[in-house]
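Residue numbers (the working numbering): 32 to 777.
Backbone N, C-alpha and C fix where the C-beta goes; we use that ideal spot for every residue, glycine too.
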RNA sequence: GGUCGCAUAGCUCAGUUGGUAGAGCACUACGUUCACAUCGUAGGGGUCACAGGUUCAAGUCCUGUUGCGACCACCA
């Protein structure tokens with residue numbers, strides 16, 4: 032007959048095998064049902080699977096497997112993101128380890144090195160996703176820098192430009208002095224830190240004393256074009272309109288009055304450096320001040336016309352030290368005040384971001400945001416949980432122009448050319464650009480923000496701008512599953528781009544899941560050493576145990592705290608399923624019967640079918656409502672309390688043919704229902720038990736096909752209740768229990 | 001400064017239209033009698049953060065307070 036189930040549950044021995052046997056079903060294929068589509072958020076090409084990934088992909092896989100079972104035509108579009116700055120960083124570091132400097136290479140050579148690296152290491156995460164059980168059609172996988180994606184990106188850029196929604200402008204950008212590129216507002220993280228507020232003497236030109244300026248950035252004084260006080264500040268009222276001299280260079284600047292100045296802060300007197308501070312820039316604009324830039328792209332002091340000799344060409348931090356020393360020795364430094372303030376850092380470079388006035392490419396996000404807002408307000412796309420709508424609205428309502436140009440090499444090069452006269456030509460191809468601008472045009476070397484291509488993901492992966500059959504069939508998608516951390520980076524931008532180019536929302540539902548933290552609730556990070564490696568966990572406890580745990584803890588609106596212990600508990604539960612199967616096999620239970628055809632006579636069997644029906648209804652609801660925690664709990668309760676604790680125990684006493692057939696049929700249905708959450712063990716057991724249909728693409732019996740057995744359910748529930756009471760009062764009689772059961776079992 | 005969330009057993013958390021407080025882990029005791037010690041059975045343990053209010057009835061709804069967290073903004 033069939034092989035015996037091993038005594039011990041050893042997931043390692045069969046998981047890979049089970050996966051490979053079912054790979055053929057991962058492609059979308061023709062079915063009567065509607066399509067169900069999820070765009071897999073593409074992990075970074077540099078990525079390694081972490082627990083957070085496991086959660087997000089596991090949830091998607093549950094949905095995919097569930098709807099595939101239900102007969103829907105399912106597409107789970109996988110892919111990889113080129114992750115511009117992050118990848119360039121990683122590759123640069125590997126080069127440095129080999130003693131090679133990026134600066135020794137041409138742009139083309141360096142790009143080639145990255146591509147080589149991508150070909151070699153970029154497939155790692157997909158292999159790890161397979162270990163987790165992700166049932167995606169991998170041969171459809173897209174890379175955000177594929178030729179087809181590149182085509183889509185160029186097309187999108189050109190259209191937005193010609194429609195006036197992409198433009199070139201000189202304005203403040205966040206300048207990363209380490210990578211020498213502009214970054215978007217979102218790529219900044221603010222860090223609280225201790226700093227010093229220096230009070231500095233600026234002498235009046237007429238020799239009538241001084242005014243005290245407070246600043247945290249004394250080195251920028253050479254770019255000052257005014258000193259500002261509050262118009263109502265009695266202390267300084269008489270000084271307004273006078274001229275002061277900047278130390279060392281003695282350039283003269285006026286004292287001006289502006290409401291922006293806070294009398295309470297610092298000395299109440301503020302130096303205005305329009306080129307290096309957003310607010311100063313605004314003040315400068317109001318007062319028609321000159322804008323003097325004194326920093327170069329690496330953060331060194333430049334503009335020698337204004338910067339004194341002793342700090343020329345020096346990095347700003349060092350320049351600050353030098354300036355302070357000079358101030359001290361010349362008795363211009365009045366006091367040092369310790370303060371805490373937050374400073375902007377680049378999320379990748381971890382260096383202080385300088386606001387610099389630069390010419391960059393921008394997207395008019397304000398205009399695009401209108402439709403994106405409306406779509407959610409009108410519930411065409413809904414957030415689950417709903418509260419994230421507010422986050423989304425807040426950001427879109429206050430949206431700023433999106434700086435999309437990056438001065439790095441790894442990314443989609445902007446399809447713009449400059450003529451010798453400095454005119455800009457934006458076209459999809461070089462040929463077209465040359466046709467317009469002549470042969471001597473020069474292409475912009477900037478590349479696009481990685482999120483620009485990501486924003487096109489839901490339709491670009493399906494063949495857009497071509498109107499392909501895939502695009503027609505699979506767009507818009509059913510649900511986007513992701514964490515709240517990329518609502519701005521990605522979700523909002525996909526909404527904007529989809530609505531602009533496709534005139535449709537990219538997805539109906541947005542399911543926002545929790546963040547995974549360690550047992551103590553701390554963010555997992557390498558430096559803290561509290562990172563749980565999902566690969567190790569799967570190795571030790573099996574992919575199903577990891578999946579089950581993550582589902583079990585994914586309560587909406589609360590972060591997931593897990594440790595190894597939790598995975599172990601899930602593994603123990605799966606062992607319980609395993610042993611239930613062993614028992615049924617041991618009892619020679621048949622799995623050939625379909626539960627629909629059973630029509631049992633006994634209350635016991637009718638009862639278990641009624642419970643199964645309820646379980647099924649619950650599960651359907653849980654999936655619909657994205658309650659994966661309930662889903663896992665329901666699986667556990669049904670198997671443990673209904674099936675093992677009572678039904679199997681009863682089966683030991685009344686092992687009639689009817690009861691055994693019911694056991695086989697019910698267990699089989701259970702395996703099917705649990706399959707989306709724990710695909711490996713369920714499929715494996717099915718194979719051994721000789722259940723001929725594969726679970727992956729066949730749903731079990733529909734809830735409506737199961738009869739109602741409410742009376743039997745009540746009868747047996749009452750019996751169970753009585754047993755509990757008798758047991759707790761101590762006078763349990765096994766014989767009377769058996770008698771009762773036999774009555775129910777006839 | 002703005003927004004949102006959380007506070008229930010020693011720990012991690014459920015509690016889905018208000019109706020006698022739940023699970024798992026941990027703990028205690030018992031148990032290896034046809035799956036399962038990666039287990040089973042039983043047990044102890046909670047003023048549901050605090051203060052008001054609505055209600056016949058509040059963990060659940062409303063107001064306020066405290067503590068914790070996240071995000072956004074500002075940041076001389």
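Residues that residue i bridges to, as DSSP identifies them
i, result
"residue 8", "This structure leaves residue 8 out entirely; the chain is present only between 32 and 777."
"residue 70", "108"
"residue 300", "260"
"residue 436", "479"
"residue 246", "229"
"residue 414", "541"
"residue 286", "258"
"residue 374", "222"
"residue 206", "213 and 385"
"residue 448", "456 and 474"
"residue 198", "393"
"residue 346", "331"
Burial state of residue i (16 or more Cβ within 10 Å)
i, result
"residue 665", "buried"
"residue 573", "buried"
"residue 755", "exposed"
"residue 344", "exposed"
"residue 685", "buried"
"residue 124", "exposed"
"residue 309", "exposed"
"residue 134", "exposed"
"residue 442", "buried"
"residue 341", "exposed"
"residue 501", "buried"
"residue 590", "exposed"
"residue 87", "buried"
"residue 149", "buried"
"residue 716", "buried"
"residue 364", "buried"
Rounded Cβ spacing between residue i and residue j (contact assumed at less than 8 Å)
i, j, result
"residue 315", "residue 322", "6 Å"
"residue 489", "residue 508", "6 Å"
"residue 430", "residue 396", "5 Å"
"residue 403", "residue 526", "4 Å"
"residue 440", "residue 138", "5 Å"
"residue 412", "residue 536", "5 Å"
"residue 240", "residue 267", "No, residue 240 and residue 267 are not in contact; Cβ-Cβ is about 12 Å, not under 8 Å."
"residue 504", "residue 49", "At roughly 29 Å, the Cβ-Cβ gap does not stay under 8 Å, so residue 504 and residue 49 are not in contact."
"residue 366", "residue 186", "With a Cβ gap of about 59 Å, residue 366 and residue 186 do not count as contacting."
Cβ neighbours of residue i in the same chain (closer than 8 Å, five flanking residues each side left out)
i, result
"residue 730", "100, 101, 102 and 703"
"residue 456", "447, 448, 449, 450, 464, 467, 468 and 472"
"residue 640", "626, 629, 631, 693, 697, 737, 738 and 740"
"residue 582", "89, 90, 93, 659, 660, 662, 663 and 708"
"residue 522", "423, 511, 513 and 541"
"residue 620", "691, 692, 694, 695 and 698"
Contacts around residue i, its chain only, beta-carbon distance under 6 Å, and the 5 residues preceding and following it disregarded
i, result
"residue 143", "none"
"residue 673", "642"
"residue 226", "247, 370 and 372"
"residue 513", "72"
"residue 338", "253, 325 and 332"
"residue 400", "427 and 430"
"residue 328", "211"
"residue 712", "575 and 605"
Neighbourhood of residue i by C-beta distance below 7 Å, restricted to the same chain and skipping five residues each side
i, result
"residue 204", "213, 387, 389, 391 and 434"
"residue 58", "168"
"residue 648", "734"
"residue 622", "695, 699, 720, 721 and 722"
**Prompt:** Is it a yes or a no for the region 535 to 551 touching the region 509 to 522, going by three-plus beta-carbon pairs under 8 Å?
**Reply:** yes
**Asked** Are the region 741 to 758 and the region 617 to 636 in contact at 8 Å, needing three or more beta carbon pairs?
**Response** yes
**Request:** Decide if the region 45 to 58 is in contact with the region 159 to 172; the criterion is three or more beta carbon pairs, one per stretch, under 8 Å apart.
**Result:** yes
**Asked** Would the region 104 to 115 and the region 73 to 87 be scored as touching if the rule is three or more Cβ pairs under 8 Å?
**Response** yes
**Prompt:** Between the region 348 to 360 and the region 174 to 181, are three or more C-beta pairs nearer than 8 Å?
**Reply:** no
**Prompt:** Are the region 610 to 619 and the region 116 to 131 touching by the rule of at least three beta carbon pairs closer than 8 Å?
**Reply:** no
**Request:** Mind the definition here: the region 283 to 295 touches the region 207 to 221 only if three or more C-beta pairs lie below 8 Å; say whether that holds.
**Result:** no
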